[in-house]
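K.L.:
Pasting in a structure now, in structure tokens, and then I'll have a few things to ask.
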């Protein structure tokens, strides 16, 4: 049992890196679930599903996955910079047909068209011949922007200035002060049982609300989870408290400047 408890403690401490990052030595950030983690997960899940469908269709037709797409891209570059490779093949077929004795019997007056005259209509009809290769440099960049969009700020805890704050609508900030004594989280309201978009059974998102001057209490959801877990929320709150109270807390041992990517847990695609 002790070994299991140690493993669970390590696992929950290590996976805090999915949700928490150090902005600087005195500031901690917890990522926003709805504006950050959830959209990224859904976009990447849809993208992987599309890739899976394409690969499945290709395999059904006895083609290597994505071979059709690769060949189409290669053809666009060949057609733009070496169109004669394709046109010459068509011209050879045309010559073979025209010089056929049976064809000459039916159409004795048909003349063999020079290659330069034969190729001209092909090039004139396709006005986008030189544009398509450029698009093949642009769409991968757009795809990267969709898969890795700019990350919105999460809630931040600054132990030097003794504040917990969240940027709202670009310029506004929700502020809560950290008291000198007592619970560092006494200036905020939190709920361990918020909605969790990736779970069909549980409500395990950490909801944090910062009271406003007019008495309103807006709640936002934070954290990104390896699995729906109430314990994960408790570890998040513990990490905040330890960060305020200690210089180098053990609970933040595996938290770095960037959020961890869950390579070993692809079900959340974040």
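In our numbering, the protein residues as written are 4 to 273. Each residue gets a CB set at the ideal place from its N, CA and C atoms; glycine is no exception.
(1) Suppose you measure from the CA of residue 131 to the CA of residue 92; what does that come to, to the nearest Å?
(2) Let me check one thing: in DSSP terms, what residues is residue 224 bridge-paired to?
(3) Do the segment 23 to 43 and the segment 154 to 174 touch if we need at least three Cβ pairs shorter than 8 Å?
(4) Give me the Cβ distance between residue 162 and residue 29, rounded to the nearest whole Å; I'm assuming they're in contact under 8 Å.
(5) State yes or no: is the C-beta of residue 209 within less than 8 Å of the C-beta of residue 193?
(6) For residue 1, collect the residues of the same chain with a Cβ closer than 7 Å to its Cβ; drop the 5 residues on either side in sequence, then sort them by chain order.
(7) State the Cα-Cα distance for the pair residue 69 and residue 24, rounded to the nearest angstrom.
(8) For the putative contact between residue 188 and residue 19, defined by C-beta atoms under 8 Å, what is the C-beta separation to the nearest angstrom?
(9) Anyone know if the C-beta pair for residue 83 and residue 136 falls short of 8 Å?
(10) Whole-angstrom Cβ separation of residue 46 and residue 149, contact assumed at under 8 Å?
(11) One question on the structure: do residue 22 and residue 226 come within less than 8 Å of each other, judged by their Cβ atoms?
(12) Taking the alpha-carbon positions, what's the residue 273 to residue 138 distance?
(13) Where residue 253 and residue 134 are concerned, what is the direct C-alpha to C-alpha distance, given to the nearest angstrom?
(14) Would residue 223 and residue 35 qualify as a contact pair, given that the criterion is a beta-carbon distance under 8 Å?
(15) Give every residue of the same chain whose Cβ lies closer than 6 Å to the Cβ of residue 61, excluding the five residues on either side of it in the sequence, and list them in chain order.
(16) Find the nearest neighbour of residue 196 within the set 141, 211, 183, judged by alpha-carbon distance.
(17) Give the straight-line distance between the Cα atoms of residue 261 and residue 78, rounded to the nearest whole angstrom.
P.N.:
A quick look at the data gives this:
(1) 21 Å
(2) 210
(3) yes
(4) For residue 162 against residue 29, the beta-carbon gap comes to about 5 Å, under 8 Å, which counts as contact.
(5) Residue 193 is positioned such that its CB atom lies closer than 8 Å to that of residue 209.
(6) Because residue 1 is not part of the residues shown, which for the chain are 4 to 273, the question remains open.
(7) Rounded to the nearest whole angstrom, the C-alpha separation of residue 69 and residue 24 is 37 Å.
(8) In this structure, residue 188 and residue 19 do not form a Cβ contact; the two beta carbons are roughly 16 Å apart against a cut-off of 8 Å.
(9) yes
(10) 6 Å
(11) Yes, the Cβ-Cβ distance between residue 22 and residue 226 is below 8 Å.
(12) Residue placement at residue 273 is poorly supported in this model, since its pLDDT is 43, which falls under 50; the coordinates are not used for a value here.
(13) 56 Å
(14) Judged by their CB atoms, residue 223 and residue 35 are nearer to each other than the 8 Å cut-off.
(15) 68
(16) The shortest Cα separation from residue 196 among 141, 211, 183 belongs to 211.
(17) Going from the Cα of residue 261 to the Cα of residue 78 covers about 40 Å.
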